[in-house]
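In my numbering, the protein residues as written are 16 to 161.
A virtual CB, placed ideally from N, CA and C, is assigned to each residue, including glycine.
As the structure is a computational prediction, the values presented were derived from the model and not from experiment.
Read the structure below first, then the notes.
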């Protein structure tokens with residue numbers, strides 16, 4: 016299985032081509048906040064240019080990630096935002112001292128995306144209502160292994 020991973024960060028957009036646990040090629044381009052799609056496309060093009068191996072065949076998995084939304088929340092940019100979090104076992108987001116409202120929900124998935132504990136619908140509705148009452152106009156939904 017061949018995997019292309021692209022991470023759009025606050026400063027750079029990084030890309031990697033991986034197969035069977037080996038890194039085949041990497042690329043890095045500056046992130047253009049006014050043209051995020053261009054940054055992603057350019058990183059992908061540079062990644063393909065950097066690859067010097069045999070022709071790729073079979074399915075290719077594409078993994079996209081970004082820290083832009085996390086950065087915006089931490090830096091208090093954008094609309095007032097509340098976080099709905101499903102941290103799962105072994106993680107306490109309330110102890111991180113992040114300085115913005117975090118609504119911890121029950122429910123979690125494991126590292127393979129399998130449900131370990133179901134999300135409680137009423138908790139979600141209550142958390143959204145509290146967030147709105149506290150002036151949040153945006154929500155970030157995050158979870159361990161999400």
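For the pair residue 98 and residue 81, the Cα-to-Cα distance works out to about 16 Å. In the three-state DSSP reduction, residue 71 falls in the coil class, being neither helix nor strand. Non-local beta-carbon contacts of residue 84 in its own chain, meaning distances under 8 Å to residues more than five positions away in sequence, involve 155 in chain order. A Cβ-Cβ contact shorter than 8 Å links residue 117 with residue 100. A Cβ-Cβ distance of about 17 Å is found for the pair residue 32 and residue 23, leaving them out of contact under the 8 Å criterion. With contacts defined by Cβ atoms closer than 8 Å, residue 28 and residue 21 form a contacting pair.
The closest CA to that of residue 146, considering only 87, 104, 94, is found on 94. Here residue 26 is exposed: its Cβ has fewer than 16 other Cβ atoms, across all protein chains shown, within 10 Å. Judged by beta-carbon spacing, residue 130 lies within the 8 Å limit of residue 124, meaning their Cβ atoms are closer than that value. By the neighbour-count definition (other C-beta atoms within 10 Å, threshold 16), residue 102 is a buried residue.
Residue 55 holds the alpha-carbon nearest to the alpha-carbon of residue 78 among 104, 55, 50, 151. A Cβ-Cβ separation of about 19 Å leaves residue 41 out of contact with residue 70 under the 8 Å criterion.
Counting only residues of its own chain and dropping the five nearest sequence neighbours on each side, residue 58 has a CB closer than 6 Å to the CB of 21, 28, 30, 42, 44.
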